[in-house]
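Participant:
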Amino acid sequence: MSNRIDVKKTYKLYINGAFPRTESGRTYEIKSAKGVFVANPCLASRKDLRDAVVAARAAHSGWNKATAYNRGQILYRIAEMLEGRRAQFVDEIMQLTDVTKVKAEKEVTDSVDRLVWYAGWTDKIASLAGSTNPVAGPFYNFTIPESMGVVAAIAPETPSLFGFIDVVAPIITSGNTVVVLASTKAPLSAMTFAEVLATSDLPHGVVNILTGKKEEIAPWMASHMDIDALDISGLPAKQHGPIKVAGAENLKRIHSFKSADPGRIIAFMEAKTVWHPIGL
Amino acid sequence: MSFEYAPAPESRALVSIKPKYGHFIGGKFVAGGKHFPTINPATEEVLSQIALAGKAEVDAAVKAARKAYTTTWSKMSGKERGKYLYRIARIMQERAREFAVLETLDNGKPIRESRDTDIPLAAAHFFYHAGWADKLEYAGLGTSPKPLGVAGQIIPWNFPLLMLAWKVAPALATGNTVVLKPAESTPLTALLFAEVCQQAELPAGVVNILTGDGSTGALIVNHPGIDKIAFTGSTEVGKIIARAVASTNKSVTLELGGKAANIVFDDAPIDETVEGIINGIFFNQGHVCCAGSRLLLQENVAEEVLHKLKNRMEKIRVGDPMDKNTDVGAINSKEQLVKITELAAAGDAEGAERWSPPCNLPAKGFWFAPTIFTGVTQAHRIAREEIFGPVLSVLTFRTPQEGIEKANNTPFGLSAGIWSEKGSRTLWASQQLRAGVIWANTFNKFDPTSPFGGYKESGWGREGGRHGLSAYLKGVSHE
Numbered sequence: 001m002s003n004r005i006d007v008k009k010t011y012k013l014y015i016n017g018a019f020p021r022t023e024s025g026r027t028y029e030i031k032s033a034k035g036v037f038v039a040n041p042c043l044a045s046r047k048d049l050r051d052a053v054v055a056a057r058a059a060h061s062g063w064n065k066a067t068a069y070n071r072g073q074i075l076y077r078i079a080e081m082l083e084g085r086r087a088q089f090v091d092e093i094m095q096l097t098d099v100t101k102v103k104a105e106k107e108v109t110d111s112v113d114r115l116v117w118y119a120g121w122t123d124k125i126a127s128l129a130g131s132t133n134p135v136a137g138p139f140y141n142f143t144i145p146e147s148m149g150v151v152a153a154i155a156p157e158t159p160s161l162f163g164f165i166d167v168v169a170p171i172i173t174s175g176n177t178v179v180v181l182a183s184t185k186a187p188l189s190a191m192t193f194a195e196v197l198a199t200s201d202l203p204h205g206v207v208n209i210l211t212g213k214k215e216e217i218a219p220w221m222a223s224h225m226d227i228d229a230l231d232i233s234g235l236p237a238k239q240h241g242p243i244k245v246a247g248a249e250n251l252k253r254i255h256s257f258k259s260a261d262p263g264r265i266i267a268f269m270e271a272k273t274v275w276h277p278i279g280l
Numbered sequence: 001m002s003f004e005y006a007p008a009p010e011s012r013a014l015v016s017i018k019p020k021y022g023h024f025i026g027g028k029f030v031a032g033g034k035h036f037p038t039i040n041p042a043t044e045e046v047l048s049q050i051a052l053a054g055k056a057e058v059d060a061a062v063k064a065a066r067k068a069y070t071t072t073w074s075k076m077s078g079k080e081r082g083k084y085l086y087r088i089a090r091i092m093q094e095r096a097r098e099f100a101v102l103e104t105l106d107n108g109k110p111i112r113e114s115r116d117t118d119i120p121l122a123a124a125h126f127f128y129h130a131g132w133a134d135k136l137e138y139a140g141l142g143t144s145p146k147p148l149g150v151a152g153q154i155i156p157w158n159f160p161l162l163m164l165a166w167k168v169a170p171a172l173a174t175g176n177t178v179v180l181k182p183a184e185s186t187p188l189t190a191l192l193f194a195e196v197c198q199q200a201e202l203p204a205g206v207v208n209i210l211t212g213d214g215s216t217g218a219l220i221v222n223h224p225g226i227d228k229i230a231f232t233g234s235t236e237v238g239k240i241i242a243r244a245v246a247s248t249n250k251s252v253t254l255e256l257g258g259k260a261a262n263i264v265f266d267d268a269p270i271d272e273t274v275e276g277i278i279n280g281i282f283f284n285q286g287h288v289c290c291a292g293s294r295l296l297l298q299e300n301v302a303e304e305v306l307h308k309l310k311n312r313m314e315k316i317r318v319g320d321p322m323d324k325n326t327d328v329g330a331i332n333s334k335e336q337l338v339k340i341t342e343l344a345a346a347g348d349a350e351g352a353e354r355w356s357p358p359c360n361l362p363a364k365g366f367w368f369a370p371t372i373f374t375g376v377t378q379a380h381r382i383a384r385e386e387i388f389g390p391v392l393s394v395l396t397f398r399t400p401q402e403g404i405e406k407a408n409n410t411p412f413g414l415s416a417g418i419w420s421e422k423g424s425r426t427l428w429a430s431q432q433l434r435a436g437v438i439w440a441n442t443f444n445k446f447d448p449t450s451p452f453g454g455y456k457e458s459g460w461g462r463e464g465g466r467h468g469l470s471a472y473l474k475g476v477s478h479e
């Protein structure tokens, strides 16, 4: 066994359900916590982002229309797939971030549990965030929250798997599609998670994953006119201002979060109020 | 034989307008430095001289608001806060006619609308929010909702008192104090509201009112002592505000422009639909951010609808806003009239066909006849830009899907209208439309309990209802 040469994985992007290399041909080197070469992931370009947004926009109508029950089952399916590949995620987390096995295992456990938590929200959030409104007149009036469209997100550097899932799950729970930039230093978890997504019946284009540099990708996300909203939880606070300035061009909804709560789902939903007269 | 309406003017004896006004800061009227005139747009008569707030006044108002917040308002129980709001609502009801007359004089809108819509809704807004003040922890917006602090509020000229109510009532109910700037051309009802605050014995500094122009607005937006900006106005200014506060901790709500589609399917009840189209675009001279300014007609009923629409437009009474029979009043300002005229000229130049009913417009004041353009394409400026006047662009579609696609083909997303007798189609269309307020078989309805606000470039956040409260509370992560 010891003479066997490993078959190493090429880490690529995840766009529209496929695993393309960056069109730019650019890569960057990542090393293990001990300084050993690990992989050359893609350094995604502005064109890769645009392609991902096209895929996300095309996928929105179907994912948004899917029943909340169906979306819940798919999110739960993602959790099932992740649970089944625990060992691989634990290894990759330990390799890149030098954490103990116990800590890496806890991160994977938390990730699975967080997915299950959001899976249960898909068919409840509308009851919580919607309302019927007793207007002073003969009208039926109700407010329904619905997904915004295409949301872009910057995942935090660490924890690379849990942080990634914590950003992505609330966005897609309500029917949004997402283009997300993975942790720059530790992108393996996100790229392997793409393989989980690819085997979870998630429609192509609902989650699109880029690897690369925050300082390049974030401003492109902010100024892209077909992105409706932005989660910048993974960006350092001092970079939030310039991103918000760029995002004002199409009045993107830009948020960052410190914890998980249903407000995180609602932040990327729009409230739609419908009036209809009542009469014979 | 023809029947003519006799003049039925509302009396202006009920209002007394001072020759000059100051600012309302810390519960008192404070004399201003520079002044500018506010006029009656129907006659160009100068109504009063209005103070222009500069840095010193903004500083003083923010200071007064902060003091009121820390010493009084944030410490008061919700139950007591609510009682002040109830008092305000009641006084507004008592003085409703006075407010209506003043609004019509300063704004140019028909007295019928200020009397029956603006003022009653403004009072209702305070009454509704008064009841929230001691029930915030049950609003589903966190278990321990806390106010933000001092809110800077900048409102437009199209519904002066109503927009004040939309801003001030939720801010106060949630425990914030406010610095409010009414629009440059319509300050009078806000200044009368300051008197209402005095009569209600509202603690000094809880509401501060500064008059001025865009420069005053910019001073408020950029003031470091303000925690929250609430703005209603143009998308252009909304973006400037979004950029200005990007690197601060200020939270922001924006109610901006619109270019609402009013979609008529071939099964619509035509007579009701025509009334809805008229209300959608000619209510308040079309000075409405959610106006149904793009009429989308299914091709097979287009001719019939247009024929009836033109007949109905011939019966619109344009003229003296103080006359109780007037349907369409004066354009609010010369500046706005220039903008409407310019965009309508672009409609001619780009090949759309203009039609207006014959009407005698008064010689003095600012007026624009109710107008429709047919043969409009999606590329025309009059189909893309907000005109904010009594000008309707008419487009057609063949299939329901095409109608929805055209409706959604805009950077705005404030409101939309649907006309159809078929329930499933109405619900389908309301699901497909990307807009925050959908009026199905009705249009331009407003209520304090009903959240209002837009998708996309029509703004951030909602006003009214349970949803509107979150704009003024801390720790609500979706704000």
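In order, the protein sequence lines correspond to chains D and G. So the first sequence is numbered by full-length UniProt numbering: it starts at 1 and just counts up by one. So the second sequence is numbered by full-length UniProt numbering: it starts at 1 and just counts up by one. By construction, the Cβ of each residue, glycine as well, lies at the ideal position given by its N, Cα and C atoms.
1) Starting from G:Q285, trace the beta strand (DSSP E) in both directions and tell me its first and last residue.
2) Helix or strand or just coil, what does DSSP make of G:V328?
3) What number of angstroms, rounded off, separates the C-alpha of G:L469 from the C-alpha of G:E463?
4) In the DSSP assignment, the alpha helix (DSSP H) including D:G84 goes from what residue to what residue?
5) Taking its Cβ as the centre, do 16 or more other Cβ atoms sit within 10 Å of D:G175, making it buried, or is it exposed?
6) For D:R264, does the count of other Cβ atoms within 10 angstroms reach 16, so buried, or fall short, so exposed?
7) Since D:T143 meets chain G, which of its residues come closer than 7 Å, beta carbon to beta carbon?
8) Quick one, are the C-beta atoms of D:S189 and D:M81 less than 8 Å apart?
9) Within 10 angstroms of the Cβ of D:R4, are there 16 or more other Cβ atoms? Answer buried if so, exposed if not.
10) DSSP beta-bridge partners for D:V274?
11) In chain G, what lies closer than 8 Å to D:H276 by C-beta?
12) Kindly give me the distance between the Cβ atoms of G:I25 and G:A60, rounded to whole angstroms, as I take these residues to be in contact under 8 Å.
13) Determine the DSSP secondary structure at G:P9, reduced to helix, strand or coil.
14) Going by beta carbon distance, what residues of the same chain come within less than 8 Å of residue 300 of chain D, once the five residues before and after it are set aside?
15) Express the C-alpha separation of G:W157 and G:G319 in angstroms, rounding to a whole number.
16) G:D447 CB to nearest chain D CB: under 8 Å?
17) So D:R253 contacts chain G; which residues on that side make the cut at Cβ distance below 8 Å?
18) Give me the chain D residues within the contact set of G:G436, using Cβ-Cβ distance strictly less than 9 Å, ordered along the chain.
19) Compare the C-beta of D:V135 with all C-beta atoms of chain G and state if any pair is closer than 8 Å.
20) Go ahead and label G:T449 buried or exposed: buried means 16 or more other beta carbons lie within 10 angstroms of its beta carbon, across all protein chains shown.
21) Check whether the Cβ of D:L235 lies closer than 8 Å to any Cβ atom in chain G.
22) Determine the DSSP secondary structure at D:S24, reduced to helix, strand or coil.
23) According to DSSP, which residues form a beta bridge with G:C359?
24) From the beta carbon of D:L161, is the nearest beta carbon of chain G less than 8 Å away?
25) Would you list, in sequence order, the uninterrupted alpha helix (DSSP H) runs of no fewer than 4 residues that lie entirely inside the stretch 209 to 256 of chain D?
26) List, from N- to C-terminal side, the alpha helix (DSSP H) runs of 4 residues or more that fit wholly inside the stretch 94 to 126 of chain G.
27) Leaving out the 5 sequence neighbours to the left and right, which residues in its chain are closer than 6 Å to G:T232 when beta-carbon positions are compared?
28) Of all the CB atoms in chain G, is at least one closer than 8 Å to the CB of D:K244?
29) Pair every Cβ in the stretch 375 to 382 of chain G with every Cβ in the stretch 344 to 356 of chain G, then say whether three or more of these pairs are closer than 8 Å.
30) Under a CB-based cut-off of 8 Å, is D:F139 close to chain G?
31) Using a Cβ-Cβ cut-off of 7 Å (strictly less than) and excluding sequence neighbours within five positions of residue 488 of chain G, which residues of its own chain qualify?
32) Any idea what DSSP makes of G:V252, helix, strand or coil?
33) Quick test of your reading: G:N284 and G:T186, contact by CB under 8 Å. State the CB separation rounded to the nearest angstrom.
34) Using a threshold of 8 Å, state whether the C-beta atoms of G:I119 and G:E94 are closer than that.
35) Pairing CB atoms from the stretch 221 to 239 of chain G with CB atoms from the stretch 223 to 235 of chain D, are three or more of them under 8 Å?
36) What beta strand (DSSP E) runs, 3 residues minimum, are completely inside the stretch 17 to 66 of chain G?
Facilitator: To lay it out plainly:
1) As a first step, residue 285 of chain G is located in the second sequence; it is residue number 285 there, counting from the start. Premise fails: G:Q285 is in no beta strand (DSSP E) and is neither H nor E.
2) In the second sequence, residue 328 of chain G corresponds to position 328, counting from 1. Of the three classes helix, strand and coil, the one that applies to G:V328 here is strand, per DSSP.
3) In the second sequence, the residue the question calls residue 469 of chain G occupies position 469. In the second sequence, the residue the question calls residue 463 of chain G occupies position 463. The straight-line gap from Cα to Cα measures roughly 8 Å.
4) What you label residue 84 of chain D is simply residue 84 of the first sequence in a count that begins at 1. Per DSSP, D:G84 belongs to the alpha helix (DSSP H) from 68 to 84.
5) Locating residue 175 of chain D in the first sequence gives position 175, where the first residue counts as 1. With 16 or more Cβ atoms within 10 Å of its Cβ, D:G175 is classed as buried.
6) For this step, residue 264 of chain D is matched to residue 264 along the first sequence. By the neighbour-count rule (16 or more Cβ atoms within 10 Å), D:R264 is buried.
7) As a first step, residue 143 of chain D is located in the first sequence; it is residue number 143 there, counting from the start. By Cβ distance, chain G contributes P451, G465, H467.
8) Here residue 189 of chain D refers to the residue found at position 189 when the first sequence is read from its first residue. Here residue 81 of chain D refers to the residue found at position 81 when the first sequence is read from its first residue. No, Cβ-Cβ distance for D:S189 and D:M81 is not below 8 Å.
9) Here the question's residue 4 of chain D lines up with position 4 in the first sequence. By the 10 Å Cβ count, D:R4 comes out exposed.
10) Numbered from 1 along the first sequence, position 274 holds the residue referred to as residue 274 of chain D. According to DSSP, which records beta bridges pairwise, D:V274 is partnered with D:F142, G:I438.
11) Here residue 276 of chain D refers to the residue found at position 276 of the first sequence. In chain order: T426, A440, N441, T442.
12) Taking the second sequence and counting its residues from 1, the one referred to as residue 25 of chain G is at position 25. Taking the second sequence and counting its residues from 1, the one referred to as residue 60 of chain G is at position 60. About 5 Å separates the two Cβ atoms, so the contact holds.
13) Residue 9 of chain G sits at position 9 when you count from the first residue of the second sequence. The answer is strand: DSSP assigns G:P9 an E or B state.
14) Nothing about residue 300 of chain D can be read from this structure; chain D reaches only from 1 to 280.
15) Along the second sequence, read from residue 1 onward, the residue named residue 319 of chain G stands at position 319. Along the second sequence, read from residue 1 onward, the residue named residue 157 of chain G stands at position 157. So the two alpha carbons sit approximately 19 Å from each other.
16) For the purposes of this step, residue 447 of chain G is taken as residue 447 along the second sequence, with counting starting at 1. Output row for G:D447: interface = yes.
17) Indexing the first sequence from 1 puts residue 253 of chain D at position 253. By Cβ distance, chain G contributes W460.
18) Working through the second sequence from its first residue, we reach residue 436 of chain G at position 436. What G:G436 touches in chain D: E270, A271, K272, T273.
19) Taking the first sequence and counting its residues from 1, one reaches residue 135 of chain D at position 135. It does; some Cβ of chain G falls within 8 Å.
20) For this step, residue 449 of chain G is matched to residue 449 along the second sequence. With at least 16 other beta carbons inside 10 angstroms of its own, G:T449 counts as buried.
21) Numbered from its first residue, the first sequence carries residue 235 of chain D at position 235. Judged by the 8 Å Cβ criterion, D:L235 is not in contact with chain G.
22) For this step, residue 24 of chain D is matched to residue 24 along the first sequence. Correct three-state label for D:S24: coil.
23) What you label residue 359 of chain G is simply residue 359 of the second sequence in a count that begins at 1. The partner list for G:C359 (beta bridge, DSSP) is empty, contrary to what the question assumes.
24) To locate residue 161 of chain D, count along the first sequence from 1; it is residue 161. No, D:L161 does not count as interfacial toward chain G.
25) 214 to 223, 240 to 247
26) 96 to 107
27) By 1-based counting over the second sequence, the position of residue 232 of chain G is 232. Answer for G:T232: I155, P156, M163, E255, listed in chain order.
28) For the purposes of this step, residue 244 of chain D is taken as the residue at position 244 of the first sequence. Yes, its Cβ sits closer than 8 Å to a Cβ of chain G.
29) yes
30) To locate residue 139 of chain D, count along the first sequence from 1; it is residue 139. At least one chain G Cβ lies under 8 Å of D:F139.
31) Since the displayed chain G opens at 1 and closes at 479, residue 488 of chain G lies outside it and no answer follows.
32) Taking the first residue of the second sequence as position 1, residue 252 of chain G is located at position 252. G:V252 falls in the strand class under three-state DSSP.
33) If you number the second sequence from 1, residue 284 of chain G lands on position 284. If you number the second sequence from 1, residue 186 of chain G lands on position 186. Not really, about 12 Å apart at Cβ, beyond 8 Å.
34) In the second sequence, counting from the first residue as 1, residue 119 of chain G sits at position 119. In the second sequence, counting from the first residue as 1, residue 94 of chain G sits at position 94. For G:I119 and G:E94, no; Cβs fall outside 8 Å.
35) no
36) Correct list: 23 to 25, 28 to 30, 35 to 40, 45 to 51.
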